[in-house]
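In the numbering used here, the protein residues as written are 7 to 570.
What follows is one structure encoded as structure tokens, with my remarks underneath.
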């Protein structure tokens, strides 16, 4: 029993040494003694031994936390070793580890997340104790997910494997929605952290929270100035610009939100604010750091895990609430071409998968969907989102047969989009391309693609909601007669007009891809009981689709059968 007595004396004597008491981590023997005592308690399985060790270890924990503000040495490893003791022997000594865990995150990890050794050890600790943490302390990781994102944003791909094992634990009903914009904004977080390091020195041992508090008086004065004089926080005198005028001001609300440590709900991030615009412009004009390149590669993989869990485990109400957030962020993504492509691809794929799983989301979200359709002209990103929404509206019948009112309102939005495009010679994209000829080609292609999607959605909606058929005939008739420059558009409208004269065949081709209200309808299977006649039952439609001249639903067999 001599070993444990020696190590206990080491812990108790550290309290009497003023230098060690004020900075326990400075004595490496303390960490070794804590680890050795933990191993002895595991091996002996003695309640008396655990009780004696607990008394000294608990005092050491309190001294270590109290010394954080003055400590010149990393204390994270020592606290992690003590926390492991609390988790394994807490029930034996009636110690609730929850306050201690929160103290570690709030007081220690917030200062030492940038230390690669502490970051790696923290992830290892969380993975080893993952099951216990999720069952006994389910709100811990969701509360501190912003801090965990700071840890991985700073340390990068070398810790990605360990972080991905912890990542599902960050998700809970309270963190699910705020976690999404935080993930999308990981590159901006890296930029903000690098700015702090550049302006204030190493992040290791420095609490960003204290920087935020120290900037509070300046921010209060700025807000008062804005209230009484009308000037904004970003305004300043002619001599107020620093050498790095494009940097983030530590008093800016955007900065404070990006660098927070705890989940406090969804915060609106103003991408059009002067601070954000200046930051993004600075990033575009300077070479990317290795840390930023790391996170640009990692973020899409994090979103893959997030969306997979959302579709598998998250309830419908939260998934439905996520979709408007997703729509709003589609056009505001970090301006790196490859990154923005990968992220947008995942956003749209998730949105369509959510609609496929729960088609009634389309009816529930008709207002944000209609708003996005109205923004189809604003930018290429918003055009692509509108295209996908048109497809989803048609594919899922505006939410299904039971949502007739919502389907009618969505149909009216599609009509408006159709007529606006027909009356315009080009798609009103707001961004000019460097090469005007390429830009013109892109505009024409985008307009044709949008019209094809809208025409198809109108035909599909009218097939499922038959009360809309007269309006659909009128709309598609205008397109078929328009003879716009791209024949694919008016020929598609003409083809759909022909299909809709035979309800059974139209339902087979344009109907929903999944059962609705107990009715099974497989694509390509004609239910003649739903039709008006069997007149063209045996005429292959792919033959008719290639005929020129009058609308192909007015045909003779001699038109399609070659003469000898």
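All residues carry an ideal CB built from backbone N, CA and C; glycine is no exception.
Distance CB(residue i)-CB(residue j) smaller than 8 Å
i: residue 339; j: residue 197; result: no
i: residue 460; j: residue 423; result: yes
i: residue 269; j: residue 148; result: yes
i: residue 420; j: residue 464; result: yes
i: residue 146; j: residue 112; result: no
i: residue 415; j: residue 376; result: yes
i: residue 264; j: residue 371; result: no
i: residue 56; j: residue 84; result: no
i: residue 177; j: residue 272; result: no
i: residue 378; j: residue 391; result: yes
i: residue 373; j: residue 382; result: no
i: residue 363; j: residue 317; result: yes
Cut-off 7 Å between Cβ atoms - residues of its own chain near residue i, not counting five sequence neighbours on either side
i: residue 203; result: 209
i: residue 192; result: 155, 159, 301, 305
i: residue 313; result: 352, 356
i: residue 367; result: 326, 329, 360, 361
i: residue 496; result: 485, 486, 488, 489, 490
i: residue 499; result: 461, 482, 485, 486
i: residue 179; result: 324
i: residue 110; result: 85, 89
i: residue 320; result: 182
i: residue 515; result: 505
Inter-residue spacing [alpha-carbon to alpha-carbon] between residue i and residue j
i: residue 36; j: residue 267; result: 29 Å
i: residue 80; j: residue 106; result: 18 Å
i: residue 73; j: residue 184; result: 33 Å
i: residue 331; j: residue 397; result: 19 Å
i: residue 20; j: residue 78; result: 17 Å
i: residue 517; j: residue 466; result: 6 Å
i: residue 14; j: residue 289; result: 53 Å
i: residue 58; j: residue 75; result: 29 Å
i: residue 54; j: residue 161; result: 41 Å
i: residue 449; j: residue 399; result: 24 Å
i: residue 280; j: residue 322; result: 37 Å
i: residue 17; j: residue 71; result: 15 Å
i: residue 417; j: residue 475; result: 11 Å
i: residue 309; j: residue 425; result: 37 Å
i: residue 3; j: residue 344; result: Given that the chain is displayed from residue 7 to residue 570, the structure contains no residue 3 and the question cannot be resolved.
i: residue 11; j: residue 61; result: 13 Å
i: residue 170; j: residue 412; result: 40 Å
i: residue 34; j: residue 48; result: 22 Å
i: residue 99; j: residue 150; result: 27 Å
i: residue 139; j: residue 186; result: 22 Å
i: residue 299; j: residue 201; result: 16 Å
i: residue 9; j: residue 142; result: 33 Å
i: residue 297; j: residue 50; result: 46 Å
i: residue 207; j: residue 282; result: 22 Å
i: residue 365; j: residue 501; result: 26 Å
i: residue 94; j: residue 285; result: 46 Å
Nonlocal neighbours in the same chain, by C-beta distance under 6 Å from residue i, ignoring five residues either side
i: residue 82; result: 114, 118, 124
i: residue 324; result: 182
i: residue 32; result: 79
i: residue 403; result: 470, 518
i: residue 342; result: 302
i: residue 101; result: 92
i: residue 369; result: 405, 409, 412
i: residue 492; result: 454
Own chain, CB closer than 8 Å to residue i, minus 5 neighbours either side, in chain order
i: residue 168; result: 126, 129, 130, 133
i: residue 166; result: 158, 304, 307
i: residue 477; result: 417, 421, 468
i: residue 163; result: 300, 303, 304
CB contact check: residue i to chain C, cutoff 8 Å
i: residue 202; result: In summary, chain C is missing from the structure at hand, where a single protein chain is found.
Anticipated Cβ contact below 8 Å, residue i with residue j, distance rounded
i: residue 394; j: residue 354; result: 5 Å
i: residue 494; j: residue 454; result: 6 Å
i: residue 188; j: residue 152; result: 6 Å
i: residue 172; j: residue 136; result: 7 Å
> Does the segment 347 to 364 come close enough to the segment 303 to 313 to have 3 or more Cβ pairs within less than 8 Å?
Replying inline: Taking a contact to require three or more Cβ pairs closer than 8 Å, the segment 347 to 364 and the segment 303 to 313 qualify as touching.
> Is the segment 63 to 78 touching the segment 119 to 134, taking contact as three or more C-beta pairs under 8 Å?
Replying inline: Fewer than three Cβ pairs drawn from the segment 63 to 78 and the segment 119 to 134 lie within less than 8 Å of each other, which leaves the two stretches out of contact.
> Three or more C-beta pairs closer than 8 Å, one from the segment 85 to 96 and one from the segment 38 to 51: is that the case here?
Replying inline: Yes: at least three Cβ pairs fall under 8 Å.
>> Across the segment 402 to 417 and the segment 467 to 480, are there enough close Cβ pairs to call them in contact, namely three or more that are closer than 8 Å?
In response: These segments touch.
>> Any contact between the segment 319 to 337 and the segment 290 to 301? By contact I mean 3 or more CB pairs, one from each, below 8 Å.
In response: At 8 Å Cβ cutoff, the stretches do not touch.
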